[in-house]
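Residue 365 is where the sequence shown starts when you use the working numbering, and the numbers rise one by one after that. Everything below concerns the one structure shown next.
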Amino acid sequence: MSPDRRTAVAAGSLFLLTEAAAIAGAVLYHPLLSAADGRLAQGADTRALLGVLCEVVLVVAVAGSGAALFPVLRRHGEGLALGYAFGRLLEAAVIALGIVAVLALVTLRRDAGAAAGADVALAAVHDWTFLLGPNIALGLNTVLLAYLAYRARLVPRFIAVLGLVGGPLICASAVAVMFGAYAQLSVAGSAAALPVFAWELGLAGWLIVRGFGPGSGAASRADGEVADPAGVRP
C-alpha cells in the first residue's frame, strides 16, 4: 500500500469517527442539557460522562484528520493546506471548551444546593461552543477542503460540490441560529446540516474504498520535472 493510500484510509476512517462520536455525544448529553428542573435524572450523569468520552474521541479525530490530510493537500496549495490543518485544530479546541463546560455542569448538578443560574450558564456555554465549533468552524474548514479536492480532483467532483454547497449552508444556518431565527436542534437546522453530513460520509467512504484521485500527486511530479528539466536524474 502506497503512502498516499495509507493517508487516504486513515483520513477517511477519522472522518467516519468524527460523525459517530459527534452523534453519540449529542445523544448522551441530551438528558443533562435539557433537564428543566436543574437536577439530574438517575443515570444522567453517567450518560453525560460517556458523552464526554465520545467528544474527547471527536476532538482527537477532528485534529487528526487535518494532520493526516496535510501532506497531500500541501502539494496543491500550501497556504490553504495550512489553513485547513489549523482550522481543524481551532474546531477541536472549541469542542474541548464545550467538554469542560459539560464536566463542570455534571459536578454542579450533583450538588443539590448549587446555584440555579450557574448550571444554565454552563449549558449555554456548551451550546455556543457547539454552534461555533461543529457549525461555523466546520463550515469554513469544509469549504477549504472541498475547494482543494475539487481543484486537484482528489475525489469525484460531485462529492466536492457537496462540500462547497454544504460548508456555506451550515455557516449561514449557524448565523441564523445566532440571531434567533430558529433553534439549532430543529427541522431547519437539521436540514441545513444534511449536505455537510453527506459530504463527510461520501468523502470518508471514497477515501477508504478508492483513495485519492490521480491528481493527488500531480503537483509533486510537476515540481520534480521543473527541478530537473534535462532529465539528469537516473
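C-beta: ideal position from N, C-alpha, C; glycine also.
State the DSSP-derived secondary structure class of M365, mapped to helix, strand or coil.
coil
Taking only three categories from DSSP, how would you classify L549?
coil
Whole-number beta carbon distance between A390 and V426, since they are thought to touch under 8 Å
Going by Cβ atoms, the distance from V426 to A390 rounds to 15 Å, so no, they are not a contact pair.
Leaving aside the five residues before and after V416 along the sequence, list all residues of the same chain whose C-beta is less than 7 Å from its C-beta, in chain order.
I463, V466, L467
Where does L508 land, buried or exposed, given buried means 16+ other C-beta within 10 angstroms?
buried
Under the rule that 16 or more other beta-carbon atoms within 10 Å means buried, what is T410, buried or exposed?
exposed
Inspect the beta-carbon positions of G376 and A562 and report whether they are closer than 8 Å.
no
Tell me the DSSP secondary structure of A487 in three-state form.
helix
Within 8 Å, do at least three Cβ pairs link the stretch 486–493 to the stretch 510–517?
no
Output yes or no for whether 8 Å exceeds the beta carbon distance between S537 and A516.
no
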